[in-house]
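Novice:
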Amino acid sequence: YSWTGPNVKKEEADKLALMAKKQASRIAKKYAFYFIAGTVVEHLNERRGNHLYNVCYVFDPKGKIIGHYDKRHPVPNLEKELTPGPTHKIIKTRFGNIGLQICRDILYSETTKTTADMGAKIIFSPTFWSRSSNVFRSSLKKYHHNDEVMPIKYIPIARSIENEAIFVLVNAGGKYKFNNRHDIMLGYTQINEPFIGQLDIFNNNKEKLMVHTVETETVDEMRKGWKIRGH
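Now the structure itself:
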């Protein structure tokens, strides 16, 4: 959603997704880095049939797509038109195997565990999670106004420890407005490492850039010593 927002119309989805992928490819090539380019909504008849998916693409330093992941757990009341992704994925890079999941996939522990079991040392979760929205304003009136903060702030730490993997959650910040929808994005982008916990976190919803070095050797050490996943 980071390119289009959640309100993209079905007839516009593929056009916007193609535009986003071209832009992401140019960015990856210009700066010569791996780019996990948020998510887009699309359907491609030649490989997906007539279904809409929330998709995260990964680009290599030459701007080439080297893998993708389709969100496995669409939000029932907000993503009725989306089809759940068929499988978990890992993608090989020169830094090792990385795994992907999208937004509220973090609520399902088996998604992260399966990805770690497949060999992912770093798991990235691009996210479009709001603090408040006119879409679910009634529930905010009924429950504590921080009910959305708790899972996004603390679950990524648990996913990192229980799966012996570096877990990176990147969430949108600022405000989102499109047609009749108004959201205040939650932020709380963070990097978590198994032994240490949170290496860095934005404790607000400001739009910022986080730069951090991680040591994948800590993953190897923890998996040898702790064996939390049983192997």
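Residues in the sequence shown are numbered from 3 upward in steps of one, following my numbering. Here a beta-carbon is modelled for each residue, glycine too, at the ideal position from N, C-alpha and C.
Specify, as a first and last residue, the run of the beta strand (DSSP E) that Val213 falls within.
Specialist: Here Val213 belongs to no beta strand (DSSP E), and DSSP marks it neither H nor E.
Novice: Quick one: what does DSSP say Gly227 is sitting in, helix, strand or coil?
Specialist: helix
Novice: Give the single residue among Tyr71, Leu84, Lys115, Arg161 whose Cα lies nearest to the Cα of Gln192.
Specialist: Looking at the Cα atoms, Arg161 is the closest of the given residues.
Novice: With DSSP collapsed to three states, give me the class of Thr129.
Specialist: It is a strand residue.
Novice: Identify the continuous alpha helix (DSSP H) that holds Thr113 and give its terminal residues.
Specialist: 111-119
Novice: Going by the CB atoms, is the gap between Phe126 and Ile29 shorter than 9 angstroms?
Specialist: no
Novice: Considering only the beta carbon of each residue, do Pro63 and Tyr36 sit closer than 9 angstroms?
Specialist: yes
Novice: According to DSSP, which residues form a beta bridge with Ile187?
Specialist: Reading off the sequence shown, one finds Met at residue 187, where the question assumed Ile. Paired residues: Ser132.
Novice: What is the rounded straight-line gap between the Cα of Gly40 and the Cα of Cys105?
Specialist: 10 angstroms
Novice: For the beta strand (DSSP E) that contains Lys177, what are its first and last residues?
Specialist: Unbroken beta strand (DSSP E) run through Lys177: 177-180.
Novice: Is the beta carbon of Gly199 less than 9 angstroms from the beta carbon of Ile168?
Specialist: No, they are not a contact pair.
Novice: Just how far apart, CA to CA, sit Glu195 and Asn52?
Specialist: Cα to Cα, the separation comes out at about 39 angstroms.
Novice: Per DSSP, which residues does Glu14 bridge with? Please list them.
Specialist: Partner(s): none; Glu14 has no beta bridge.
Novice: Within this structure, are the beta carbons of Ile108 and Gly101 separated by less than 9 angstroms?
Specialist: Contact: no.
Novice: Excluding the 5 residues flanking Ser58 on each side, which residues of the same chain have their C-beta closer than 6 angstroms to its C-beta?
Specialist: Just to set this straight, residue 58 is Cys in the shown sequence, not Ser. Only Thr41, Tyr71, Leu102, Ile104, Pro128 meet the Cβ criterion.
Novice: Below 9 angstroms between beta carbons: does that hold for Lys208 and Gly176?
Specialist: Inclusion of Lys208 and Gly176 in the CB contact set at 9 angstroms is warranted, their separation being smaller than that value.
Novice: State the CB to CB distance for the pair Gly87 and Tyr110, rounded to an integer number of angstroms; the pair is presumed to be in contact (CB under 8 angstroms).
Specialist: The Cβ separation is near 12 angstroms, so there is no contact.
Novice: If you follow the alpha helix (DSSP H) that Val77 is part of, which residue opens it and which one closes it?
Specialist: Element bounds for Val77: n/a, residue is neither H nor E.
Novice: From the DSSP output, read off the bridge partner residues of Thr95.
Specialist: Looking at the DSSP output, Thr95 bridges to Gly98.
Novice: If distances are taken between C-alpha atoms only, which option among Gly232, Arg225, Glu217, Asn182 comes closest to Phe97?
Specialist: Glu217
Novice: First and last residue of the beta strand (DSSP E) that includes Glu44?
Specialist: 42-44
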